[in-house]
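These protein sequences, in sequence, are chains A and B.
Quick note: the first sequence uses the numbering used here, first residue 1, plus one each step.
Quick note: the second sequence uses the numbering used here, first residue 1, plus one each step.
Note that CB positions come from ideal geometry on N, CA and C, so glycine has one too.
Some notes on the structure that comes next.
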Amino acid sequence: MSSALASAAARCAWRRARPLLAANPLVAGLAALAVATTPALAVLAGRRLGEALGPDVARDENIAVALVLGVALAAAAAGALAALGAPGIAFLGSQLRAAPVAPLQTFVCLTLAPLGVAAAAALLVLGCVLVPVAAATPGGVVAAAPVLLAGLAAGALGAAAGESVLGAARGSAAGAIVAVAVAGVGALAVLAGPLGSAATALRGGAAAGAAAEAGLVAVVAGGLWALAAVRRPEERPAPARVRAVVPVRGGACVASAIVAVKLLGRRRELRRAVAATGGAAVAGAAALAHGLGGPEAGFTLAAGAALLGCAAVPVAAHGVDREAAWLADASPAPAARRAAAAALGALALALALLALSLGAVRLAAPAPWRQAAALLGAGCVLFGAALAAGTLFPWRRDGVVDQLAAFAALGALVLALWLALGELVRRSTDAGLPGVAATGVALALPTLLGIGTSTWAASRRGR
Amino acid sequence: MTHLNSIEPLAAAGVRKSFGPACAVDGLDLTVRAGRIAGLVGPNGSGKSTTLRIVAGLLAADEGRLAVAGAPAGSRAARAATGYVPDEPTGLDELTLSEFLRLAAALYGGPPGFAARSAALLAAFGLEERVNARLGSLSHGLRRAAAMTAAFALAPALVVVDEATAALDPEAVVTLRRALQALAARGSGILLATQDLAFAEVVCDEVSLLSRGRLLAHGSPAELRGSFGAATLEDVFLNALGRPRGLDELSGVLGAR
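Spelled out as structure tokens, the structure:
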């Protein structure tokens, strides 16, 4: 039964990707380019980061702690996002989900296997970044291992936290118990465990012991995740509400933007993603601000988790829009303009959610407003890339592989944009362009990329 | 309250299910005996699909007792004894029909005779030539026929069919009728929900009329016709539930220039 389940999941994922790649040589080319260049770009990014952080890590212990916690927080947010997005038995559809399948088999075949492959790929890229960073620290290259394993442990803890809180919210006692256990393991990991040891390893401490500690936490966290996942209660049906039909002023474009915001805002999986990562960001900011890295470092590092969660909104925008394509495509409104308006609506929603999250994070770790503004700017870059990634690999509620592909495309796009835009800003300011103007152009380009990709996809639909 | 007989394909007593303040199923008693075809009829929102989803183990009842072939509804044993056809089969769009059937057989433990029964059902539903077509490429009616093929080929103790005739063409409706009668003759209990009262009248041994989650009437089609003094099941339905509100105003509003 397990092999039948796993092979069905793999077949479905491959068959969804194959026509997409065959019909769009551009997407296929970009995917191949990303696979080929992401490790090299990651190494390049790691070298730059190492040049910037290496001496600071040697000088200040808090920088080493903040670096490890930054990786761990991002991994925890990614783990929570992935676990909450995993469809579990819903993958089997409305008929076969009634089949007598053991929950552990469902978890292993439909959640753990695809997420395990994705985690391996993510660890490879993270390793490409961390090895040059660690090489620039007193700990040397070997210090990358405990940081990587700390990231893996944090990812598994994030997944366990997401899954257990979801179960607890649906009334599962097992979910509540696992959530408490996850909180305990997380607190131990932060206060007296592998995170501190990994930071010490970056400053020349024992790397092997730190790696073993992190590996142990990863195994425990994996067990807690499985425990919560096999006891995941069914989602409660949304209550049906009759809403008044109100004409929208401003025509099809305004209506499309409003509908996009409403559809995205009402998706439970997106609400969960934003809430989970926002919560992780606030908790991380509090931990970092109180003695581990200082409020300003805490704000910036923790806000990364909130950024990732809010990016789920533009990543999902095209996939959600496609679900109502039968109505939109049958209407006389121009598809491209309608899609552009829907994409703008999604961007506005993501930025609004990010602003709210940053406000909450700032309460936990006070930081200057300019830092918040800089993160909103980073949000513009990230969300534009997220729109494009979600258009290339449309989001599906029941497709964990589709969601992972979209986030992988987002990672590759962000890495490429970060390097390209950094170069653009540097050359523009060298050529005498005011810094503000150069930054404005750099922020506008990803937004235009995202909206342009959505418009292009809408105009191609139905051909 | 009905006494639960654990050897029946389905025995349910006092089943209640609410979604927030809305009560979808309100104290329903229901028994499906081996070899019998039981129909649930009622207007949209009367609790038919919710009842079937509870029986199939997809929803948990808030109150009441349900046993499928002697096992508590929702347990693995109960699921293994149930073949479920949803009103809208979705998911697994990328699998071919033959792959889907193989997966269904694997998930249900490879029941003996599955291959022969599914081949016969594919032929009867006119799906033989589409075994290599992807589920997502099938029309709604063919997709439902594919779902029925998978559920019926399991030959389980209890067959549960939601919106039995929805989207099926007349030939498929005939096939469905024959298949259900054959499964009942084999000893399966059949529980179906339908809006097609003519179909229910012909196929069902007993019919339960639901409204707002409650059982309004129960009996064989002949008994129901007799007790409501009606010529057809459709008349029973209208006599029991009354005419839809707003029907008289509809022509005026839609016809206004």
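Runs of the alpha helix (DSSP H) lying entirely within the region 28-55 of chain A and spanning at least 4 residues: none are present. Sixteen is the threshold: when 16 or more other Cβ atoms of the shown chains lie within 10 Å of the Cβ of residue 411 of chain A, as they do, the residue is buried. In the three-state reduction of the DSSP assignment, residue 89 of chain A falls in the helix class, which pools H, G and I. Counting every other CB atom within 10 Å of its CB across the protein chains shown gives residue 17 of chain B a total of 16 or more, marking it as buried. Listed in chain order, the beta strand (DSSP E) runs fully inside the region 39-75 of chain B are 63-68, counting runs of at least 3 residues.
The beta carbon of residue 26 of chain B lies closer than 8 angstroms to those of 16, 47, 212, 213 and 214 in the same chain, with the five residues before and after it left out.
Nearest to residue 191 of chain B by alpha-carbon distance, out of B/185, B/80, B/180 and B/115, is B/180.
Between the beta-carbon of residue 151 of chain A and that of residue 219 of chain A there is about 15 angstroms, and that puts the pair past the 8 angstroms contact cut.
Residue-level contact check: residue 91 of chain B touches chain A, since one or more beta carbons of chain A fall below 8 angstroms from its beta carbon.
A Cβ of chain B is located within less than 8 angstroms of the beta carbon of residue 101 of chain A.
Unbroken alpha helix (DSSP H) runs of no fewer than 4 residues, entirely contained in the region 250-308 of chain A, are found at 251-265 and 268-287, following chain order.
The distance from the Cβ of residue 203 of chain A to that of residue 138 of chain A is about 5 angstroms, consistent with a contact at the 8 angstroms cut-off. The Cβ atoms of residue 208 of chain B and residue 59 of chain B lie no closer than 8 angstroms to each other.
Sorting A/22, A/373, A/334 and A/77 by C-alpha distance to the C-alpha of residue 459 of chain A places A/334 at the top. Counting only runs that start and end inside the region 179-218 of chain B, the beta strand (DSSP E) elements of at least 3 residues fall at 189-193 and 206-211.
Interface with chain A (8 angstroms Cβ-Cβ cutoff): residue 103 of chain B is included. Bounds of the alpha helix (DSSP H) holding residue 155 of chain A are 144-169. Nearest CB-CB separation between residue 95 of chain A and chain B: below the 8 angstroms threshold. For residue 253 of chain B, no chain A residue has a Cβ inside 8 angstroms of its Cβ, as the nearest lies near 14 angstroms away. Among the bridge pairs identified by DSSP, residue 19 of chain B is matched with B/22. Of all alpha-carbon atoms in A/353, A/274 and A/422, the one lying nearest the alpha-carbon of residue 162 of chain A is that of A/274.
With respect to residue 228 of chain A, residue 76 of chain A sits apart: the two C-beta atoms are not nearer than 8 angstroms. Residue 33 of chain B carries a coil assignment under DSSP once its states are collapsed to helix, strand and coil.
Of the other Cβ atoms in all chains shown, fewer than 16 fall within 10 Å of the Cβ of residue 220 of chain B; this residue is therefore exposed.
Taking a C-beta distance under 8 angstroms as the contact criterion, residue 245 of chain B and residue 236 of chain B do not qualify as a contact pair. The beta carbon of residue 88 of chain A sits closer than 8 angstroms to those of 106, 107, 110, 111, 229 and 232, all from its chain and outside the five residues before and after it, given in chain order. Contact between residue 316 of chain A and residue 277 of chain A does not hold, since the beta-carbon distance rounds to 14 angstroms and is not under 8 angstroms. Beta-bridge partners of residue 13 of chain B (DSSP): B/65. Distance between residue 60 of chain A and residue 303 of chain A, taken at the CA atoms: about 22 angstroms. Proximity to residue 111 of chain B across B/231, B/154 and B/198 peaks at B/154, based on C-alpha coordinates.
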